[in-house]
Amino acid sequence: MTIRYVESSKLPTSWGMFEMHGFEEVETGKEHVVLSMGDLDTDAPVLARIHSECLTGDALFSLRCDCGAQLQHALHRIATEGRGAVFYLRQEGRGIGLLNKIRAYKLQDCGADTVEANERLGFGADMRDYSILKPMIDHLGIKSIRLMTNNPRKVKALQDLGVEVTERLPHQSGRNPHNTNYLSTKKGKLGHLFDDEDGSERS
Numbered sequence: 757m758t759i760r761y762v763e764s765s766k767l768p769t770s771w772g773m774f775e776m777h778g779f780e781e782v783e784t785g786k787e788h789v790v791l792s793m794g795d796l797d798t799d800a801p802v803l804a805r806i807h808s809e810c811l812t813g814d815a816l817f818s819l820r821c822d823c824g825a826q827l828q829h830a831l832h833r834i835a836t837e838g839r840g841a842v843f844y845l846r847q848e849g850r851g852i853g854l855l856n857k858i859r860a861y862k863l864q865d866c867g868a869d870t871v872e873a874n875e876r877l878g879f880g881a882d883m884r885d886y887s888i889l890k891p892m893i894d895h896l897g898i899k900s901i902r903l904m905t906n907n908p909r910k911v912k913a914l915q916d917l918g919v920e921v922t923e924r925l926p927h928q929s930g931r932n933p934h935n936t937n938y939l940s941t942k943k944g945k946l947g948h949l950f951d952d953e954d955g956s957e958r959s
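The letter at position 92 of the sequence shown is residue 848 when you use the numbering used here, and the numbering goes up by one with no holes.
This is how it looks when you write it as structure tokens:
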């Protein structure tokens with residue numbers, strides 16, 4: 757997959773001033789962005805979040821998932837530290853797209869969990885491609901990463917790309933009565949690591 761850097765601009769947010777970097781997949785035209793703060797091109801590991809687009813959670817305030825809360829929490833953590841990056845990948849619905857995600861939601865309304873719904877539609881449980889990250893990381897001069905994630909697959913994906921992950925930082929936020937089953941499925945079927953309500957982390 758060939759990724760082309762397009763341009764960068766300032767992006768003021770509620771958490772502070774970020775730099776927004778635009779990238780395009782040459783073969784598909786799909787667009788991705790990185791929001792960065794501070795100098796990333798140093799030897800110090802960069803606080804980072806790999807965030808897959810979730811229109812329903814990020815922009816429409818859905819409580820069916822924890823995506824919007826995770827995005828905001830990542831921006832807050834980076835702003836507090838003064839340095840870091842959010843890789844915002846346009847891979848809606850773990851890679852199945854927005855309209856198929858709505859179809860999957862309908863199946864969940866009828867009792868399927870998030871993995872079963874994707875599979876009934878003929879998709880894998882997680883269709884995301886993380887190989888697109890490497891050219892973005894190289895362009896920004898990032899040498900190693902402290903990754904905010906509950907998903908060990910993201911850590912492995914970066915390591916498989918030759919990116920050093922010095923630390924995995926738990927990134928849990930946005931739990932509510934509407935996404936309890938969703939989070940349980942991510943933990944039980946997708947291997948995500950979550951803290952129990954008493955604060956102790958379990959695999």
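For every residue, glycine included, the Cβ atom is placed at its ideal position computed from N, Cα and C.
For I852 and C823, what's the separation of their Cα atoms in angstroms? 16 Å
CB of R846 within 9 Å of CB of E787, strictly: yes
Can you list, in chain order, the residues of its chain with a C-beta nearer than 8 Å to that of E848? Leave out the 5 residues immediately preceding and following it. S808, E809, C810, L811, L854, K857
Within 10 angstroms of the Cβ of M773, are there 16 or more other Cβ atoms? Answer buried if so, exposed if not. exposed
Could you tell me the boundaries of the alpha helix (DSSP H) in which I759 lies? That residue, I759, is in no alpha helix (DSSP H); its beta strand (DSSP E) goes 759-769.
How is F774 classed by DSSP in three states: helix, strand or coil? strand
V871: buried (16+ other C-beta within 10 angstroms of its C-beta) or exposed? buried
Fully enclosed by the segment 845-897, which alpha helix (DSSP H) runs are 4 residues long or longer? 848-851, 854-865, 870-876, 889-896
If I'm right that V789 touches G840 with Cβ under 8 Å, what's the distance once you round it to whole angstroms? In fact, because the Cβ distance is near 15 Å, the residues do not count as touching under 8 Å.
With burial defined as no fewer than 16 other Cβ atoms inside 10 Å of the residue's Cβ, what is the status of S887: buried or exposed? exposed
Are the CB atoms of M892 and R833 nearer to each other than 9 Å? no
Hey, could you find the ends of the beta strand (DSSP E) A800 is sitting in? Note, A800: premise wrong, no beta strand (DSSP E); not H, not E.
Taking 8 Å as the limit between beta carbons, can you name the residues of its chain near L863, skipping five residues before and five after? E872, A873, R876, L877
Span separating the alpha-carbon of P771 from that of G794: The sequence given here places Trp at residue 771; Pro does not occur at that position. Distance between the alpha carbons of W771 and G794: 13 Å.
Proximity below 9 Å, CB of T960 to CB of E781: Limits of the chain in this structure are 757 at one end and 959 at the other, which puts residue 960 out of reach.
Please list the terminal residues of the continuous beta strand (DSSP E) segment that includes V782. Per DSSP, V782 belongs to no beta strand (DSSP E) and is neither H nor E.
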